[in-house]
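Here the structure is laid out as structure tokens; the discussion comes afterwards.
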Amino acid sequence: AASPQAATDSVAISTADAAWNGDLLHANEVFVTGVGASTTYPDYKPAPFIVACKADGVDMVTVVTEGIFSYCSMKVKIDTDRFLGPEQANVRYKGEAIGHVTTAEYGSQMLSLGGVHHLTGGSKKEGRMALELMERLGNKQAVECTIDGGATVVIQAGKPPIVGGVEEQRMRVGCGSAAVGIFARQLFGHADEVVVVDDHITGVLSEHQAGRCLGMPSSGIQMRGRKSTPGRYFQVANPGTGWGGTDIADPLSIIEGWEPGVARPGLRLLMTSTTGEHAQWFVLDEQLRPVEQAMPPEVRRVVERIGENCEPSLCSVLFLAGAGGSLRAGVTENPVLLTTAIKRALVNVTCGGAPAYVWPGGGITVMADVLRMPDRSFGTVPTPAIVAPIEFSMRLDDFAALGGHVDHVMPLEEVLKRGAWHNDGAPQARQWQAASPLNPWPLGEPPMLG
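This is the structure:
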């Protein structure tokens with residue numbers, strides 16, 4: 002990859018000879034990635050590219066290869082309030098179970114897709130479908146999944162999720178309690194009660210600390226569900242695709258009644274969802290029954306501001322993989338020394354030039370955002386296993402100290418002229434791409450250690 006300033010970039014070593022005229026290139030202009038680089042198979046071979054260059058006057062080495070990953074998965078974050086399915090439910094692709102629903106996070110639902118148990122531990126079709134799904138997600142393509150006991154969802158990295166055929170627009174600004182607190186002052190004086198409907202934590206302004214601090218009197222509202230701390234209610238409805246991620250279409254269904262002597266005719270009630278997508282305005286009549294009326298402009302502006310503070314809903318796809326012994330052997334004859342050097346922050350790990358987070362604990366378990374990787378970074382082998390780029394950048398002295406394959410080090414200019422040190426499946430051409438402005442330059446960067 003080339004720096005944004007250089008406006009050219011080499012992905013692995015792939016197609017366009019005319020893009021380079023043989024001039025000496027600087028380490029801050031060109032970075033050779035592992036996309037299409039070929040692998041170390043049958044495991045004892047040094048990596049196909051071990052590239053030497055200078056960065057800020059320091060002799061550097063980048064070990065460039067593709068890894069064959071059986072131990073890998075895609076961790077997917079889906080920004081939505083809609084109920085996708087119960088935790089631990091199977092996620093299916095073309096009928097095969099290829100993952101499961103994990104935790105619900107703030108405004109998002111997490112999925113774990115793929116993994117070695119699906120690749121190798123089930124039927125042959127299950128393994129093939131898990132592999133196909135991971136390859137497509139890694140290459141930023143759309144996939145449609147169904148969730149047992151839940152929804153059908155279309156997932157594509159960097160795009161809004163499509164849940165039950167409806168494209169999501171907004172990621173919630175906060176839970177019901179947070180929304181009540183954030184906008185309490187703006188609603189004070191315009192409404193006597195505000196309920197923000199939420200599948201997890203529904204907020205009630207007059208009971209909430211925010212309402213109390215503003216001097217709001219009790220409204221006498223009696224809510225369904227399980228009361229938590231003041232102004233917070235759990236389980237007001239079942240999960241679903243309606244208001245605030247619940248199954249309700251009528252917000253009044255979560256109100257059990259009004260306390261006589263506290264509630265009064267003319268009391269003004271705003272009910273809204275965590276995204277402002279749903280909102281209704283009511284006034285209590287003489288029998289303390291909420292009657293829907295036109296929403297006042299000053300209240301409508303606050304509801305619109307709730308929506309304004311919601312970020313666009315997106316799907317995020319992270320590639321999670323373990324760099325095993327064979328991949329590390331492409332760097333050094335004593336693989337554990339590479340692991341140790343990474344944990345000592347001597348080696349920066351990237352995937353296609355994109356920064357890779359290295360998990361704490363044993364081994365080299367890395368995680369990278371596929372949107373920050375070059376297009377079509379992922380391939381497959383029949384094992385079944387994913388093929389993905391990985392690069393290890395370090396000082397030349399550190400490379401030698403960890404027992405690196407110093408006999409296979411080649412200067413950057415020679416790599417761009419000749420290609421890999423062997424011809425056994427190595428690429429025969431190169432391709433140039435502009436480096437992503439989202440990514441720091443890999444050389445000279447410390448690793449992202451957990």
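Residue numbers for the sequence shown follow this note's numbering, so the first one is 2 and each next one is one higher.
Where is the CB? At the ideal position from N, CA and C, for every residue including glycine.
Given the structure is predicted, the values throughout are model-derived calculations rather than measurements.
Closest by C-alpha distance to Ile163, out of Pro313, Thr121, Asp193 and Trp442, is Pro313. Secondary-structure assignment with DSSP links Tyr107 through no beta bridge to anything.
For Cys214, no beta strand (DSSP E) run applies; the uninterrupted alpha helix (DSSP H) run containing it begins and ends at Gln210 to Cys214, by DSSP. Scanning the stretch 333–413 from its first residue to its last, the whole alpha helix (DSSP H) runs of 4-plus residues come out as 337–344 and 397–402. The distance from the Cβ of Met395 to that of Val62 is about 6 angstroms, consistent with a contact at the 8 angstroms cut-off.
Leaving aside the five residues that flank Thr366 on each side, the residues in its chain whose CB is nearer than 8 angstroms to its CB run, in chain order, Leu321, Ala322, Gly323, Ala324, Val359 and Trp360. Judged by their CB atoms, Gly122 and Ser113 are not nearer to each other than the 8 angstroms cut-off. Taking C-alpha positions only, Val59 is separated from Ser437 by approximately 24 angstroms.
Taking a cut-off of 8 angstroms for Cβ pairs, the stretch 67–74 and the stretch 322–342 touch, as three or more such pairs fall below it.
In the three-state DSSP reduction, Arg233 falls in the strand class (E or B). Here Ser124 is exposed: its Cβ has fewer than 16 other Cβ atoms, across all protein chains shown, within 10 Å.
Of Ser39, Val77, Val33 and Phe32, the smallest CA-CA separation from Gly426 is found for Ser39.
In the three-state reduction of the DSSP assignment, Thr121 falls in the helix class. Bridge pairing for Ile222: Trp259 [DSSP]. Pairing Gly159 with Arg306, the inter-Cα distance amounts to about 24 angstroms. With 16 or more other Cβ atoms from the protein chains shown falling within 10 Å of its own Cβ, Lys46 counts as buried. Comparing alpha-carbon positions, the option among Asp370, Leu439 and Asp199 lying closest to Leu138 turns out to be Asp370. When Gly182, Val196, Ala401 and Met368 are compared, the shortest CA-CA separation from Gln223 is found for Val196. Met172 is not a Cβ neighbour of Gly245, given a cutoff of 8 angstroms. Residue nearest to Val416 within the set Ile51, Gly37, Val36 and Tyr42 is Ile51 (criterion: CA-CA distance).
Bridge partners of Gly86 according to DSSP: none are assigned.
The continuous beta strand (DSSP E) containing Leu321 extends over residues Cys316 to Ala324. In the structure shown, Trp244 adopts helical secondary structure according to DSSP, grouped into three states. Annotation: Gly353 to Ile387 spans about 14 angstroms, alpha carbon to alpha carbon. For Gly150, same chain residues with a beta-carbon under 6 angstroms away, outside a window of 5 residues either side, are Gly86, Pro87 and Ala90 in chain order. Each residue's CA atom was taken as its position, placing Ala105 and Thr273 some 21 angstroms apart. Residues of the same chain with a CB within less than 8 angstroms of the CB of Ile256, apart from the 5 flanking positions on each side, are Val196, Ile222, Gln223, Met224, Arg225 and Pro291 in chain order. Boundaries of the beta strand (DSSP E) harbouring Arg269: Arg269 to Ser274, taken from the DSSP string.
In this structure, Phe379 and Glu136 form a Cβ contact; the two beta carbons are roughly 5 angstroms apart against a cut-off of 8 angstroms.
Gly204: member of the beta strand (DSSP E) spanning Thr203 to Val205, first to last residue. Between the beta-carbon of Pro252 and that of Gln281 there is about 6 angstroms, and that keeps the pair under the 8 angstroms contact cut.
The alpha-carbon separation between Gly204 and Arg233 amounts to approximately 5 angstroms. Secondary structure of Ile183 (DSSP, three-state): helix. Straight through space, the alpha carbons of Met374 and Ala238 are spaced by roughly 41 angstroms. Using a Cβ distance threshold of 8 angstroms, Asp200 and Thr247 count as a contacting pair.
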